[in-house]
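Mapping to numbering that gives the first Met the number 0: the sequence shown position 67 is 66, numbers consecutive. Idealized CB from N, CA, C, for every residue including glycine. Note that the structure is a prediction, hence the values are computed from the model and not measured. Reviewing the structure listed below.
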Amino acid sequence: MLALDERDAGCGATCAALERYVEAELRGERSGAWFEGVAVHLSRCTACRTDHDGLVAVTKGMEGRPT
Ligand SMILES: [Zn+2]
């Protein structure tokens, strides 16, 4: 078992913030305590990372061709 990282936002908070997180990530605005908490969680949770990757793909698709 992995020890719980105190910065880990957890599945609930990550799911709630995921849309905002992806928008910030795609803009290159990788800052803020909440952002780090979600980033830590995504590095540890396969289920949330899958949701994140899907949302990134959808968001990029809505914005047109990726650069
Ligand atoms: Zn999770």
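Item to check | Short Cβ contact (8 Å threshold) for Gly11 with His40 | outcome: Residue numbering aside, residue 11 sits at position 12 when the sequence shown is read from its first letter. Residue numbering aside, residue 40 sits at position 41 when the sequence shown is read from its first letter. Result no, Cβ atoms of Gly11 and His40 do not sit closer than 8 Å.
Checklist entry - Alpha carbon to alpha carbon, what distance is there between Ala32 and Ala16? => result Sequence index remark: in the sequence shown, residue 16 carries index 17 (1-based). Sequence index remark: in the sequence shown, residue 32 carries index 33 (1-based). Their backbone Cα atoms lie some 12 Å apart in a straight line.
Checklist entry - By a C-beta neighbour count over all protein chains shown, 10 Å radius and 16 as the cutoff for buried, is Gly36 buried or exposed? => result Taking the sequence shown and counting its residues from 1, the one referred to as residue 36 is at position 37. So Gly36 ends up on the buried side.
Item to check | Under the three-state DSSP convention, the category Met0 falls into | outcome: Position 1 of the sequence shown, counted from the start, is the residue given in the question as residue 0. In this predicted model, Met0 has a pLDDT of only 42, less than 50, meaning its place in the structure is not dependable; the value taken from the coordinates is given anyway. Looking at Met0 - three-state DSSP - the assignment turns out to be coil, as it is neither helix nor strand.
Checklist entry - Cβ of Thr49 versus every heavy atom of ligand 1: is any distance shorter than 7 Å? => result Residue 49 sits at position 50 when you count from the first residue of the sequence shown. No, since every heavy atom of ligand 1 falls outside the 7 Å radius drawn around the Cβ of Thr49.
Checklist entry - Does ligand 1 have even one heavy atom less than 7 Å from the beta-carbon of Ala16? => result Walking along the sequence shown from the start, residue 16 turns up at place 17. Not under cutoff, so the answer is no.
Checklist entry - Any chance the CB of Thr58 is under 7 Å from a heavy atom of ligand 3? => result In the structure on display, ligand 3 does not appear, and the ligands it does have are ligand 1.
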